[in-house]
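If you read the protein sequences in the order shown, they are chains A and B. Position one of the first sequence corresponds to residue 1 (the UniProt record's numbering), numbered consecutively onward. Position one of the second sequence corresponds to residue 1 (the UniProt record's numbering), numbered consecutively onward. Heads up, the beta-carbon is just placed ideally off N, CA and C, and yes, glycines get one too. All values reported here derive from a predicted model rather than from experimental measurement. Report on the structure given below.
There are 2 protein chains.
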Amino acid sequence: MARIAVIGGTGALGRGLARRLIGAGHEVTIGSRSPEKARATATELDAAGSASVADAAEGKDVVIVAVPHASQQETLALIRDRVGHAVVVDTTVPLVPPKVMRVKLPAEGSAALQARAHLGPDVRLVTAFHNVSAHHLASDHAIDCDVLVFSDDVEARGIVADLCPGMGIRALSGGALANSAAAEALTSILIYMNRTYKADGAGIRFTNLSEAPGIP
Amino acid sequence: MARIAVIGGTGALGRGLARRLIGAGHEVTIGSRSPEKARATATELDAAGSASVADAAEGKDVVIVAVPHASQQETLALIRDRVGHAVVVDTTVPLVPPKVMRVKLPAEGSAALQARAHLGPDVRLVTAFHNVSAHHLASDHAIDCDVLVFSDDVEARGIVADLCPGMGIRALSGGALANSAAAEALTSILIYMNRTYKADGAGIRFTNLSEAPGIP
């Protein structure tokens, strides 16, 4: 079992991820800018504890960052000197409110490459969980959406992918960190489909794979 | 039944699309820079005819462009003054050989927005068929991959989506033309998955939709 921080663990995505990780038996710390909210969420989910953003990031195996794009840079600056050898999992989707159904990737190419710039070259960085609906994470069923995991650090990518089956999620490697752009862009399409096709948390599945790991 | 040109109809994707459209009963013209190749493919597929790129684009309801990214600009320049009110379907994926498994979208954001610039504001433009494997198009089975159709012209998007069920393909609207970036980026992921997961032409399916049109 891993020691995991979920920063932004009081938001819909962070809470959903924390809940599934706790259900899988991991030791989860809820991190938030608001100590009261972090404490309340930790109590509600029966998490191992709560902490400030910077403190939550210390002494962990995995640090998941689930904050809005507007808070990404500030959050990563708070943790970059605290995470040590932990794998940082950035979940950021670069939505541009109010036009969240329109793909508008940042000039750097992706929020993943922005995260790399904010964290510097030495932090172990993975991106994942861009496409999974918080609504489904809050349920108990296996999730009908593949999670793409991106990193230039193959070992780190495997560590994150290995967390997924216990969460009821199939993880697939999406390759290099730069490829995160595909999953980030897809999120706007999924939001669009939720409205256009009255979807109950639209997701994606990859087909015709003959060797897929981590099928829940 | 529609009058359709498939430009680049001698390549793997173009030939596969032409074959399925002919099977659905449409009047298909194969367009190519090489008159001999166009003629040979038209004969082989029992198409209605063959023509040069510019001539193929004239007098059609739908003009599909299936050429490599490196030939996109030249091809669109040849047809822009010939297509009239036809719907142009650009299938271009901005792969950067030899690193085709790495997402590298153009500075404009997508090949779709490049196509818009090349065609000018008055041509009816749709993008589609980015993710469907030529290998599967060459078979007779229903295709286990959704096709995303993008356009700022809702009527044009519908015309292209309506072609798909007859081809054994489920089409879904992906929204605005700018959203094409998502499908274009996904193609690199699918190529990566073909290698990583020994996939037989990896595809994608959207899940949890409650009102999905065009299911084959």
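Is it right to say residue i is buried, meaning 16 or more other beta carbons lie within 10 angstroms of its own, or is it exposed?
{"i": "valine 132 of chain B", "result": "buried"}
{"i": "arginine 195 of chain B", "result": "exposed"}
{"i": "isoleucine 215 of chain B", "result": "For isoleucine 215 of chain B, the predicted model reports a pLDDT of 37, less than 50, meaning its position is unreliable; a value from the coordinates is still stated below. Label assigned to isoleucine 215 of chain B: exposed."}
{"i": "histidine 26 of chain B", "result": "buried"}
{"i": "threonine 92 of chain B", "result": "buried"}
{"i": "alanine 70 of chain A", "result": "exposed"}
{"i": "alanine 51 of chain B", "result": "buried"}
{"i": "histidine 85 of chain A", "result": "exposed"}
{"i": "alanine 199 of chain A", "result": "buried"}
{"i": "threonine 43 of chain A", "result": "exposed"}
{"i": "serine 34 of chain B", "result": "exposed"}
Step through the CB atoms of chain A and report whether any lies within less than 7 Å of the CB of residue i.
{"i": "serine 151 of chain B", "result": "no"}
{"i": "phenylalanine 129 of chain B", "result": "no"}
{"i": "isoleucine 215 of chain B", "result": "With a pLDDT of 37 at isoleucine 215 of chain B, under the threshold of 50, the modelled position of that residue is not reliable, and the figure given next carries that caveat. Cβ-Cβ to chain A under 7 Å: no for isoleucine 215 of chain B."}
{"i": "methionine 167 of chain B", "result": "no"}
{"i": "threonine 91 of chain B", "result": "no"}
{"i": "arginine 20 of chain B", "result": "no"}
{"i": "lysine 99 of chain B", "result": "no"}
{"i": "valine 147 of chain B", "result": "no"}
{"i": "leucine 137 of chain B", "result": "no"}
{"i": "residue 217 of chain B", "result": "Missing from the structure shown is residue 217 of chain B; chain B here goes from 1 to 216 and no further."}
Check the C-beta distance from residue i over to residue j and give it rounded, since I have them as a contact under 8 Å.
{"i": "leucine 119 of chain A", "j": "glutamate 184 of chain A", "result": "The Cβ separation is near 17 Å, so there is no contact."}
{"i": "aspartate 61 of chain A", "j": "isoleucine 4 of chain A", "result": "7 Å"}
{"i": "valine 83 of chain B", "j": "valine 123 of chain B", "result": "6 Å"}
{"i": "alanine 138 of chain B", "j": "arginine 39 of chain B", "result": "About 20 Å separates the two Cβ atoms, so there is no contact after all."}
{"i": "serine 180 of chain B", "j": "alanine 77 of chain B", "result": "Not quite, the Cβ-Cβ distance comes to about 20 Å (not below 8 Å), so this is no contact."}
{"i": "alanine 202 of chain B", "j": "leucine 190 of chain B", "result": "5 Å"}
With distance defined between alpha-carbon atoms, name the residue in the options nearest to residue i.
{"i": "proline 94 of chain B", "options": "B:Asp81, B:Ala115, B:Ser210", "result": "B:Ala115"}
{"i": "aspartate 152 of chain A", "options": "A:Leu163, A:Ala138, A:Gly31, A:Gly175", "result": "A:Gly175"}
{"i": "leucine 177 of chain A", "options": "B:Gly9, B:Met101, B:Ala12", "result": "B:Met101"}
{"i": "alanine 134 of chain B", "options": "B:Val6, B:Ala12, B:Lys99, B:Ala24", "result": "B:Ala12"}
{"i": "glycine 59 of chain A", "options": "A:Ser34, A:Gly109, A:Ala182, A:Ala2", "result": "A:Ala2"}
{"i": "threonine 75 of chain A", "options": "A:Ala107, A:Gly31, A:Val87, A:Gly109", "result": "A:Gly31"}
{"i": "lysine 99 of chain A", "options": "A:Thr187, A:Arg205, A:Gly16, A:Glu108", "result": "A:Thr187"}
{"i": "cysteine 164 of chain A", "options": "A:Gly9, A:Gly16, A:Gly49", "result": "A:Gly16"}
Can you confirm whether residue i, when its beta carbon is compared against all beta carbons of chain B, has any partner nearer than 7 Å?
{"i": "glycine 16 of chain A", "result": "no"}
{"i": "glycine 203 of chain A", "result": "yes"}
{"i": "isoleucine 189 of chain A", "result": "yes"}
{"i": "leucine 177 of chain A", "result": "no"}
The stretch 115–131 of chain B / the stretch 61–76 of chain B touching (three or more Cβ pairs under 8 Å): yes
Between the stretch 149–160 of chain A and the stretch 141–159 of chain B, are three or more C-beta pairs nearer than 8 Å? no
Touching by the beta-carbon criterion (3+ pairs, under 8 Å), the stretch 163–171 of chain A and the stretch 49–60 of chain A: no
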